[in-house]
Each structure stands twice: as structure tokens, then as C-alpha cells.
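In this note's numbering, the protein residues as written are -2 to 239. Each residue gets a CB set at the ideal place from its N, CA and C atoms; glycine is no exception.
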Amino acid sequence: MATAIATFSQVLVFAAIVFVGHAALSTKPDGPIVRTQYGDVRGMYVEEGVIFLGLPFGVPPVGELRWKPARTYNMSWAPEVRDGTVPGPACRQGGCAPNQTDYQHSCNRDKARTQSEDCLYLNVFVPRSVLNSTARLPVMCWFHGGQYVTGTGAALVYDGRILANKTDTVVVTTNYRLGAFGYLVTGEGEDDARGNYGTLDQIEALKWIQQNIADFGGDKDKVTIFGPELRVRFGCSSPDIR
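This is the structure we're talking about:
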């Protein structure tokens, strides 16, 4: 079950605004390993808890899957341990090239500001309180802004570690397809692009939370989605979310 918060989300645009400069550096090696249905993933310790970056939630929407609804990720990376310290690529967009200044820290957090059509990845921020506990914490899922054409869940401005630790919740931030890749409409026929693929990506991320967040200490029955007001209201109108 998911509930939504819209208007106060801009206030929570996170403690991250205060925290952006600190976020990139305050990490520790040899993070914990979490076992998931896809295989083991190693996160990284930070002062506020643990971070897991770049977790796939959808099959890469490329080739024949371009301009198609997201498909549930169902691949295994076992026996390898997935590196959860590296963000997944941002979805294709303009304005975030490596030679452009990212004044708002809203581009991908890696130095190359990697982008790809293969971009259905999310990030999980776990507070300190869950590290030695069997309790399941409420979950907050952030859908970034950007007018459907820019943004990424892995941006430093959306880093959820402080929010997770201060509110004792598990915070999830996620990508979704943008621009023409996410919202192109060419017609209503079976072979046409019908749009709203970015919104369907958001729904797929929520499905991932239902199936997997318990592995990270979250309670799948206590999920709140939040973000810019119109986007959250639009997403919550979908029966797939309710």
C-alpha cells in the first residue's frame, strides 16, 4: 500500500541541500552485503547508515523494449557480488554533460555524469538504526522533479542518507525515462508509442519496493511516495499504485 506527500516534499528536498558538499566524500570502505532474490549486493557505510546505489528494477528499455512499458527485472548476477557503491546511469537528457556546470547538483553523481537508455535503477538509503535490528522501518520513495525532461534519483541533491537517519525510515530514490524516451506519443495503434512510459517506470519501481525492500530493512506495507506536487498526484491517480 502506498500513500503520498506532495506539498511538503519541497521542504524535504532534502536535508540534502544543506548536505550536498558532505555527501560525496563521507563514505567508508568494506560495506555490508545484503542478500536479494537476484544475488548479493555490497553497499557502503556512511556516517548516517548504509547506502546502496544502482540497483536495477526494470529490464533495460532498449531495442525492441524502447517505447514499451517497463518490464520487471528478473535477472540474476549471482555468484558475483554486485557493487552497490556505484550509481546507475541517468536516463537520457540534456544539460548534464561533463563539461557543463551542475550548479544544483541535480545531475548524476559520478564524475562522467553517465547517461544511457539503460537507466532503470534505484538507490536505497538505510539509517543506522536498522543495522543491528530485525525491525522493519517505514519507506519513503522520492520521485525527482525536472519537468519530465531532466533529473536522476542518483543526484547528490536527492541523497537520502540524512533524511533516512533523521526520520528513521528507509529512503528510496529512483530514475524513470525522460523526454521522448519516456513520454513520446505517435498514435494509438499496437505498434505506436503511447507515452507515459516514465510514469510506468515509477510504478515498476514501487513494485520492486514491494518485492525487495524487506531485504534492506523496510516495511513494504508502509510506503510513502513524495516529490513535486503534480508528479505525485498524477502518479497516484494510477490504480496500479493504489
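Three or more beta-carbon pairs separated by less than 8 Å are not found between the segment 123 to 130 and the segment 147 to 157, which leaves the two stretches without contact. Taking Asn209 as reference, the option from Tyr180, Asn162, Gln34 and Gly46 with the minimal CA-CA separation is Gln34. The three-state secondary structure of Arg158, taken from DSSP, is helix. The Cβ-Cβ distance between Gly214 and Leu134 falls below 9 Å.
For Ala202 and Val121, the gap between their C-alpha atoms comes out near 12 Å. Taking all protein chains in view, the Cβ of Glu44 is surrounded by fewer than 16 other Cβ atoms within 10 Å, so the residue is classified as exposed. Bridge pairing for Asp80: Arg39 [DSSP]. Listed in chain order, the non-local C-beta contacts of Lys204 below 7 Å within the same chain comprise Thr69, local neighbours out to five positions each way being set aside. Straight through space, the alpha carbons of Trp64 and Gly192 are spaced by roughly 7 Å.
Straight-line spacing of the CA atoms in Asp37 and Ala75 works out to 7 Å. For the options Arg174, Pro66, Arg32 and Asn162, the alpha carbon positioned closest to that of Leu119 is the one of Arg174.
For Thr170, the secondary structure class from DSSP, reduced to helix, strand or coil, is strand. Here Ala87 is bridged, per DSSP, to Gln112. Cβ-Cβ separation between Val146 and Val169: approximately 22 Å, too far for a contact (criterion under 8 Å). At a Cβ-Cβ threshold of 9 Å, Ile206 and Cys138 count as neighbours. Tyr194 has its alpha-carbon roughly 15 Å from the corresponding atom of Gln90.
Remark: C-beta atoms of Gly51 and Gly81 approach each other more closely than 9 Å. Scanning its chain for C-beta atoms nearer than 6 Å, with the 5 sequence neighbours on each side dropped, one finds around Asn172 the residues Cys88, Cys116, Tyr118, Thr149 and Gly150, in chain order. Beta-bridge analysis with DSSP links Thr149 to no other residue. Here Val47 is near Val123, since their CB atoms are less than 9 Å apart. DSSP links Gly55 through a beta bridge to Thr69.
If you compare the alpha carbons of Pro29, Leu160, Lys217 and Gln144 with that of Ala177, the shortest gap goes to Gln144.
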